[in-house]
Amino acid sequence: MDTEMERVVRERDQLRELLMELAPVCHELNQPLQIIMSYAELLLLQIAEESLMRGDAVMIYEQTEKMKGISERLEQLIKTGING
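For the sequence shown, position 33 matches number 33 in our numbering, and the numbering has no gaps at all.
And the structure:
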């Protein structure tokens with residue numbers, strides 16, 4: 001039977017492995033998110049203020065920005081978890 005210390009070390013190592021696998025996933029997510037945000041910004045520059053489509057472009061931009069924030073927080077957690 002494992003000692004408590006061995007169990008803690010094993011769980012820490014498993015967590016570190018998981019975090020290392022997640023790092024490239026975050027990077028792969030950020031690429032398309034940046035493209036979507038850029039296109040949404042272009043749409044906002046081209047769509048008239050009174051257009052019904054403007055609200056859709058704003059929503060796309062805001063929701064993509066929210067996803068980018070989640071990804072950045074996850075990347076920070078990964079970096080902290082791997083190094084700390």
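We put the beta carbon where it would ideally sit given N, CA and C, even for glycine.
Keep in mind that this is a model prediction, so the values were computed, not measured.
- In this structure, the straight-line span from the alpha carbon of L42 to that of L29 is close to 20 Å.
- Of the residues assessed, A40 falls on the buried side of the cut-off, its CB having 16 or more other CB atoms within 10 angstroms.
- By the criterion of at least three beta-carbon pairs nearer than 8 Å, the segment 4–20 is not in contact with the segment 61–76.
- For I35, the closest alpha carbon among the candidates A48, I60, E49 is that of I60.
- Residues of the same chain with their beta carbon placed closer than 7 Å to that of Q31 are lacking, with the five preceding and five following residues left out of the count.
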